[in-house]
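K.L.:
In our numbering, the protein residues as written are 972 to 2151.
Quick one: the structure is below, questions incoming.
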């Protein structure tokens, strides 16, 4: 029963704890596997066409433009592509360096009959005349390539096989082997590329597989293995080269001829570049990029994610390897990682729609990757579930968020009811808002009506914001609503998602000046979250107002000179964020303005703030086309341990807390909007989502950038509160960098604080950069004041920190879960349900008693267990509604209670079967015609006994019952060394039982089967002991009547004990209930026992003769094929002499044994003592 009780308690506990969240160790480490992909867009272009890089920091590119969009020449310097020249849209624009100048060829496509223009760009721009060569009577020939040699000469080739040559002074037409007069039509014979090895050698390729060779001053046709259009050619000296063309064509030159390369691809290739014969690249349509290592071609799968048509490429070698630039229809792309990181547009590859004003990342503690909610201007939010590796599926309908307001509005995510799942609040105005409680599998329950969330008047089109902060550190996340010039709202949370507006009870400004959103953080390191108001227009000369949290929703205004603004000057302040930008452990402030350069205010030890904007590089206005409260986001994008800034469209890199450097184009970012960071693919670097706007001056739609950080010097930290709120919002994470036990600097993160008002991410993991060569220590300070520290932090690992140990966590979370259920419960409904539960429990107890399970249902733990089940189901379904939900606790109680009664009934029945009186059955030792013998133990004294249980029918006869009762008292009085000690005789439902001394060495019959033949000494010893025991039995006036080797036991010293005496007085038929048993017993009985006449102690002497015969020969003296034959043998057969069977047996044994076996009782030994004396006198 104890085991059954334990099982029930475990089941009930698991049911209850399940609703409290999953268990994790207090501090957990996991290795991070980094994922690398280095391709990213470095610049956007309209129909890019040619690119030429001369070094990792220098290069040029040209685009065609489209329609009214001009074509442009781009110059790359210091990580940026800048426009150097523009021209009307042009087909086949060309670019190349001529000495220290730049030559640009464009064609007047729309209004100039495709006339080619060659512009030289140096200190001045000038046009160089080109010969007039016509395509037809109206239009000019367009030149499709430009090759310039070091000696100052140049070549161009183009449509209809035309070739021109520049001798250093003028361009002149050169005879071409392509005869225009023999072309099939006007669009045939085009030469697409020309490559000059030197002034005396070169190649050209074109349509329909044309290959031309320049040698000895003239151009001639060369044999070609294809009729595909050939686009570009590259040569490595005279003996090695490659051609790229349509239909997956790549030709390789060797041994004076062109052959098809082994590349297998259906796409069209547009360009080819080679550094040497072991480093060759071709690019083309469908983001195709292939590399040849001298043996085989390999596709670069990473380039597929760019989803481009690559028209040209350029390769530069430096100390880090081969840097590649690709130009396509939409942009310039590179694998160059000069910064050690870059951002690649990944919107389409992540299956995210390119729409949305802003994005909110949410990640429950049991989720590996963050999910994404995207807010739209005039539509419900989009909800994306991250399936791993940064690939998303839309689930807004399944999750329930589709019912949210059709506007961006204000939103926040936090665990408001402390159940371990992030909740979601979305507000458009005081009439249109939703409060969703999170559940498992990224689903939400609409809790708006039950939340008591009542909003004051809100302007639907103002810039409001929501923030989730535990202001009083009671373990419940409160809610702050910034109302853009109207009275703000501060809602106190009771831990179940019920809110009460307590703003009027605080000392916060009731009618604040217009502000786009409030900023929150712990500015004085006291463990309480403070409030910072950035005013759009100065309020009493103050641009910022800082209210320090004194606890229990009391706040005090703190002034600071750095908060002052110039009198009468409006800076149109939009956003303030709070982070530790200089790693001194104190939270600093960054403020963005629309009419002045940003402010960076460093916190000097909690005493005051210092404006260091200019010295930190913020000297210029950063204007955002649309004044919103989400234009700034912070993150350590390169994992160097210093917090960086993204502002509007610009990424600023924090250079070790002394200066910020703008590196947007370096990193591949070219989108304006509202940013938010999160590690979408769990590779240890923060990726970037930027929401756009409907404002035509701002990027429309939205974009997702994946971070391509190349280093792995980082850790991920996840924190779980227990006494604090579950996601530990307000907790401080400090990562100390130490050298010789001295602190060099400290990275500080306040969980859930410091973000831009528009977006407050709910993610469970935080990334910290780790500097190599120094020691690091992690410290987490929870809002309760609990401090957890981890020494010897190692890069590339995940650290999970919980506020308390697992056992305490389980207890506290269970308590919080029950309190939450109590607060959420409808008191009337739950009272009725509880009364029904009490009634059902009483019914189950009644049924259990009737089912003979009273020993179970009458115990306290039965009712307690049912209450645990009832409470667990109520707790788990408290947020659900419907008739079935209300009935579900009763279904569980009935099913589990009924199952418990059934199980108890089975267990009790089995338990009773294993207990006879106060003896617990251990195992079966043997069975016979009269019953079974068990090895058992006294449950009271723990004494081991042999328990013989007699068949119940033996006691049904009144005479047997009388004899059993009377003789039992006599047998219990025996105390002889050769008689089994009988401890107790009794009756139970199983029948009569005898508890006797346990003999571990079994029966004499077993002993003979194992050790026969016995020595004569052993034979004599055992025989004398049997006689001695039998003599004691006879002295009490008892005839054994069932003497046999199976009823003689051996103790641990092989001394014998006689058992089962005086119990076979029932008629013969009562002993013939089992064939095997009767044969064995019948073989030992005297003739008078068969007829049941004149049975006395001499009958036992006859049985003793059989036993002695068996000891000496290992055989029985009387045999028969069945009972009748055996009886006949007993009456009529004289047994064979034992000595004739056992040659070692002296003849004197024959006399003793045969006398015992005499048919006439008078001719036998008349007593056991007489028999024993004769055995004793035997000379051996």
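No residue lacks a Cβ here, since even glycine has one placed at the ideal position from N, Cα and C.
Work out the CA separation of residue 1240 and residue 1146 for me, nearest whole Å.
P.N.:
Locating residue 1146 in the chain shown gives position 175, where the first residue counts as 1. Locating residue 1240 in the chain shown gives position 269, where the first residue counts as 1. Those two C-alpha atoms are separated by around 29 angstroms.
K.L.:
Answer yes or no: do residue 1219 and residue 1234 have a C-beta to C-beta separation smaller than 8 angstroms?
P.N.:
On the chain shown, position 248 is the one that residue 1219 refers to. On the chain shown, position 263 is the one that residue 1234 refers to. Using a Cβ distance threshold of 8 angstroms, residue 1219 and residue 1234 count as a contacting pair.
K.L.:
Could you give the DSSP three-state label for residue 1595: helix, strand or coil?
P.N.:
As a first step, residue 1595 must be located in the chain shown, where it is residue number 624. Note: residue 1595 maps to coil in three-state DSSP.
K.L.:
Identify, in the order they occur along the chain, each residue of the same chain with its Cβ nearer than 7 angstroms to the Cβ of residue 1410, setting aside the five sequence neighbours on each side.
P.N.:
Locating residue 1410 in the chain shown gives position 439, counting from the first residue. Cβ within range, chain order: 1392 and 1416.
K.L.:
Measure the alpha-carbon distance for residue 1022 versus residue 1452 and round it to whole angstroms.
P.N.:
Counting from 1 along the chain shown, the entry for residue 1022 is found at position 51. Counting from 1 along the chain shown, the entry for residue 1452 is found at position 481. Each residue's Cα considered, the two are about 52 angstroms apart.
K.L.:
Indicate whether the contact test is met: 3 or more Cβ pairs, each with one atom in the segment 1969-1984 and one in the segment 1919-1938, closer than 8 angstroms.
P.N.:
no
K.L.:
With DSSP as the reference, please indicate the residues paired to residue 1505 in a beta bridge.
P.N.:
Counting from 1 along the chain shown, the entry for residue 1505 is found at position 534. According to DSSP, which records beta bridges pairwise, residue 1505 is partnered with 1515.
K.L.:
From residue 1702 to residue 1280, what distance separates their C-alpha atoms?
P.N.:
In the chain shown, residue 1702 corresponds to position 731, counting from 1. In the chain shown, residue 1280 corresponds to position 309, counting from 1. Their backbone Cα atoms lie some 49 angstroms apart in a straight line.
K.L.:
For residue 2085, collect the residues of the same chain with a Cβ closer than 6 angstroms to its Cβ; drop the 5 residues on either side in sequence, then sort them by chain order.
P.N.:
As a working note, residue 2085 is residue 1114 in the chain shown. Here the set comprises 1979 and 1983.
K.L.:
Look at residue 1087 and residue 1076 and say whether their C-beta atoms are less than 8 angstroms apart.
P.N.:
As a first step, residue 1087 must be located in the chain shown, where it is residue number 116. As a first step, residue 1076 must be located in the chain shown, where it is residue number 105. In contact: residue 1087 and residue 1076 (Cβ atoms closer than 8 angstroms).
K.L.:
Taking contact to mean 3 or more Cβ pairs, one atom from each stretch, closer than 8 angstroms, check whether the segment 1786-1804 and the segment 1462-1482 are in contact.
P.N.:
yes
K.L.:
Assuming contact is defined by CB atoms lying nearer than 8 angstroms, are residue 1994 and residue 2146 in contact in what I supplied?
P.N.:
As a first step, residue 1994 must be located in the chain shown, where it is residue number 1023. As a first step, residue 2146 must be located in the chain shown, where it is residue number 1175. Closer than 8 angstroms, so yes.
K.L.:
Which whole-angstrom value is the C-beta distance of residue 1889 and residue 1911, which I expect to be below 8 angstroms?
P.N.:
On the chain shown, position 918 is the one that residue 1889 refers to. On the chain shown, position 940 is the one that residue 1911 refers to. Your pair residue 1889 and residue 1911 checks out as a contact, with CB atoms roughly 6 angstroms apart and the cut at 8 angstroms.
K.L.:
Drop a sphere of 10 angstroms on the beta-carbon of residue 2044, count the other beta-carbons inside from all chains shown, and report buried for 16 or more, exposed for fewer.
P.N.:
On the chain shown, position 1073 is the one that residue 2044 refers to. With a pLDDT of only 31 at residue 2044, under 50, the local geometry of the prediction cannot be trusted, and the value read off the model is given with reservation. A residue is called buried once 16 or more other Cβ atoms fall within 10 Å of its Cβ, and residue 2044, having fewer, is exposed.
K.L.:
To the nearest angstrom, how far is it from the Cα of residue 1129 to the Cα of residue 1608?
P.N.:
For the purposes of this step, residue 1129 is taken as residue 158 along the chain shown, with counting starting at 1. For the purposes of this step, residue 1608 is taken as residue 637 along the chain shown, with counting starting at 1. About 47 angstroms.
K.L.:
For residue 2152, name the three-state secondary structure that DSSP assigns.
P.N.:
Since the displayed the chain opens at 972 and closes at 2151, residue 2152 lies outside it and no answer follows.
K.L.:
Assign residue 1037 to one of two classes, buried (16 or more other C-beta atoms within 10 Å of its C-beta) or exposed (fewer than that).
P.N.:
Sequence index remark: in the chain shown, residue 1037 carries index 66 (1-based). That one is exposed.
K.L.:
Provide the residue span of the alpha helix (DSSP H) that contains residue 2005, from first to last.
P.N.:
Position 1034 of the chain shown, counted from the first residue, corresponds to residue 2005. Bounds of the alpha helix (DSSP H) holding residue 2005 are 1987-2006.
K.L.:
Would you report the Cα separation of residue 1389 and residue 1909, rounded to the nearest angstrom?
P.N.:
Taking the chain shown and counting its residues from 1, one reaches residue 1389 at position 418. Taking the chain shown and counting its residues from 1, one reaches residue 1909 at position 938. Using only the alpha carbons, I get a separation of about 54 angstroms.
K.L.:
Would you report the Cα separation of residue 2133 and residue 1940, rounded to the nearest angstrom?
P.N.:
Start at 1 with the first residue of the chain shown, and residue 2133 comes out as number 1162. Start at 1 with the first residue of the chain shown, and residue 1940 comes out as number 969. Straight-line Cα distance between these residues: approximately 31 angstroms.
K.L.:
What does the alpha-carbon distance come out to for the pair residue 1583 and residue 1618?
P.N.:
Position 612 of the chain shown, counting from 1, holds the residue named residue 1583. Position 647 of the chain shown, counting from 1, holds the residue named residue 1618. If I take the Cα positions, the gap works out to 17 angstroms.
K.L.:
Quick check on the DSSP output: the beta strand (DSSP E) that includes residue 1166 runs from which residue to which?
P.N.:
Walking along the chain shown from the start, residue 1166 turns up at place 195. 1162-1169 is the span of the beta strand (DSSP E), which, as asked, contains residue 1166.
K.L.:
Under the rule that 16 or more other beta-carbon atoms within 10 Å means buried, what is residue 2131, buried or exposed?
P.N.:
Residue mapping note: residue 2131 aligns to position 1160 of the chain shown, counting from 1. Flag for residue 2131 reads exposed.
K.L.:
For residue 1451 and chain B, any beta-carbon pair shorter than 8 angstroms?
P.N.:
The structure shown contains no chain B; it holds only a single protein chain.
K.L.:
In its own chain, which residues sit with a C-beta less than 8 angstroms from the C-beta of residue 1061, not counting the 5 before and 5 after it?
P.N.:
The count along the chain shown starts at 1 and reaches residue 1061 at position 90. Here the set comprises 1035, 1036, 1042, 1077, 1078, 1079 and 1080.
K.L.:
Quick one: Cα of residue 1315 to Cα of residue 1012, how far?
P.N.:
Here residue 1315 is taken as the residue at index 344 of the chain shown, counted from 1. Here residue 1012 is taken as the residue at index 41 of the chain shown, counted from 1. So the alpha carbons of these two residues sit roughly 6 angstroms apart.
K.L.:
Measuring alpha carbon to alpha carbon, tell me which residue in 1133, 1606 and 1759 is nearest residue 1105.
P.N.:
Numbered from 1 along the chain shown, position 134 holds the residue referred to as residue 1105. Among 1133, 1606 and 1759, the Cα nearest to that of residue 1105 belongs to 1133.
K.L.:
In terms of residues, what are the limits of the beta strand (DSSP E) holding residue 1646?
P.N.:
Taking the chain shown and counting its residues from 1, one reaches residue 1646 at position 675. Segment 1645-1649, the beta strand (DSSP E) holding residue 1646.
K.L.:
What residues match up with residue 1740 in a beta bridge as DSSP calls it?
P.N.:
By 1-based counting over the chain shown, the position of residue 1740 is 769. Answer by DSSP bridge pairing, in chain order: 1685.
K.L.:
Below 7 angstroms CB to CB, which residues in the same chain sit around residue 1370 once its five sequence neighbours on both sides are set aside?
P.N.:
Counting from 1 along the chain shown, the entry for residue 1370 is found at position 399. The answer, listed in chain order, is 1354, 1413, 1414 and 1415.
K.L.:
Which of helix, strand or coil does DSSP assign to residue 1189?
P.N.:
Against the chain shown, residue 1189 aligns to sequence position 218. Strand.
K.L.:
Between 1460, 1455 and 1550, which lies nearest to residue 1505 when the distance is taken from Cα to Cα?
P.N.:
Counted from its first residue, the chain shown places residue 1505 at position 534. Nearest of 1460, 1455 and 1550 to residue 1505, Cα basis: 1455.
K.L.:
So residue 1202 is in the beta strand (DSSP E); what residue range does that whole segment cover?
P.N.:
For this step, residue 1202 is matched to residue 231 along the chain shown. Counting along the chain, the beta strand (DSSP E) containing residue 1202 begins and ends at 1201-1207.
K.L.:
Within 10 angstroms of the Cβ of residue 1855, are there 16 or more other Cβ atoms? Answer buried if so, exposed if not.
P.N.:
Against the chain shown, residue 1855 aligns to sequence position 884. It is exposed - the Cβ of residue 1855 has fewer than 16 other Cβ atoms within 10 Å.
K.L.:
What are the uninterrupted segments assigned as alpha helix (DSSP H) that are 4 or more residues long and contained completely in the segment 1818-1885, given in chain order?
P.N.:
1825-1828, 1831-1847 and 1854-1884
K.L.:
Is it a yes or a no for the segment 1730-1748 touching the segment 1780-1789, going by three-plus beta-carbon pairs under 8 angstroms?
P.N.:
no
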